[in-house]
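*Asks:*
In my numbering, the protein residues as written are 3 to 135.
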């Protein structure tokens, strides 16, 4: 051990028990953290997109439910064929189509309510069976 300026320093080539991180180790650690944060941001973005899609589908389901409930409440037995309807929920406009088809039992018809957004992109299909009174 040499003494330089009154302080003890280790001999050349010998290391003490204390050692810091090398620049390469720090850069690798930063790269790992950056990749993990990027994956987290992508997951958060996907959750946000899914929440917006869920809101659209729920509003479309309300439109379809309203149309099918109206058929039940008015005791209307729909004829075979199609009819269009418009609906507004949560400030958004939706377009829909009721498709009535025969079933093997002539006392019942199957009715599908198909709801699309304002651009015509299908969001939801809800089906029910309505009986003759």
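Quick reminder that beta carbons are idealized off the backbone N, C-alpha and C, glycines included.
Should the region 88-95 be called in touch with the region 125-134, which here means at least 3 C-beta pairs below 8 Å?
*Replies:* Too few Cβ pairs lie closer than 8 Å, so no.
*Asks:* Do you know how far the Cα of residue 98 is from the Cα of residue 86?
*Replies:* Position 84 of the chain shown, counted from the first residue, corresponds to residue 86. Position 96 of the chain shown, counted from the first residue, corresponds to residue 98. So the two alpha carbons sit approximately 6 Å from each other.
*Asks:* Please list, in chain order, all residues of the same chain as residue 124 whose beta carbon is under 8 Å from its beta carbon, the five residues on each side excluded.
*Replies:* Taking the first residue of the chain shown as position 1, residue 124 is located at position 122. For residue 124, where only same-chain residues beyond five positions count, the Cβ hits under 8 Å are 116, 117 and 118.
*Asks:* Are at least three pairs of beta-carbons, each pair with one atom in the region 73-84 and one in the region 35-47, less than 8 Å apart?
*Replies:* No, the region 73-84 is not in contact with the region 35-47.
*Asks:* What are the boundary residues of the beta strand (DSSP E) that residue 67 is part of?
*Replies:* The residue given as residue 67 occupies position 65 in the chain shown. Premise fails: residue 67 lies in the alpha helix (DSSP H), 25-75, not in any beta strand (DSSP E).
*Asks:* Using a Cβ cut-off of 9 Å (strictly closer), state whether residue 115 contacts chain D.
*Replies:* This model lacks chain D altogether, as it is built from one protein chain only.
*Asks:* Just how far apart, CA to CA, sit residue 51 and residue 37?
*Replies:* For the purposes of this step, residue 51 is identified with residue 49 of the chain shown, where counting begins at 1. For the purposes of this step, residue 37 is identified with residue 35 of the chain shown, where counting begins at 1. Rounded to whole angstroms, residue 51 to residue 37 spans 21 Å at the Cα level.
*Asks:* Since residue 110 sits in a beta bridge, which residues does DSSP pair it with?
*Replies:* If you number the chain shown from 1, residue 110 lands on position 108. Paired residue(s): 133.
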